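As numbered in full-length UniProt numbering, residues 1 to 78 make up the sequence shown, in order.
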Amino acid sequence: MVKISEFQVKDIVNIADGKKLGNLSDLDINIATGAIEAIIVSGGGKLMGFFGREEDIIIPWRKIRKIGADVILVDHNI
1 MVKISEFQVK
11 DIVNIADGKK
21 LGNLSDLDIN
31 IATGAIEAII
41 VSGGGKLMGF
51 FGREEDIIIP
61 WRKIRKIGAD
71 VILVDHNI
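Listed below in structure tokens is the structure:
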């Protein structure tokens, strides 16, 4: 079993371009089935929060390719 807090410290990296997308901020859970539908990566602040906030990145669970000790690899085509 894995705790959500263990996921939150892992970097989320896009395998398409090697770019770090951020860290897990939330989960989208199907209440009827209890299955995780997607992970949500919080959009960081632009220039220390002065110019608003970027959009959250929603990555469907089926797009997760590998969960390692320090990183979550995803296939996120922008």
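Heads up, the beta-carbon is just placed ideally off N, CA and C, and yes, glycines get one too. What you are looking at is a predicted structure, and each value in this text was computed from that prediction instead of being measured.
Excluding residues up to 5 positions away in sequence, L24 lie with their Cβ nearer than 6 Å to the Cβ of F7 in the same chain.
Annotated as distal: K3 and D70, with beta-carbon spacing of 8 Å or more. Boundaries of the beta strand (DSSP E) harbouring E37: I36 to V41, taken from the DSSP string.
Separation of the CB atoms of A32 and P60 is rounded to 17 Å, and the pair is thereby denied contact status at 8 Å. If you draw a straight line from the Cα of E54 to the Cα of M1, it is about 32 Å long.
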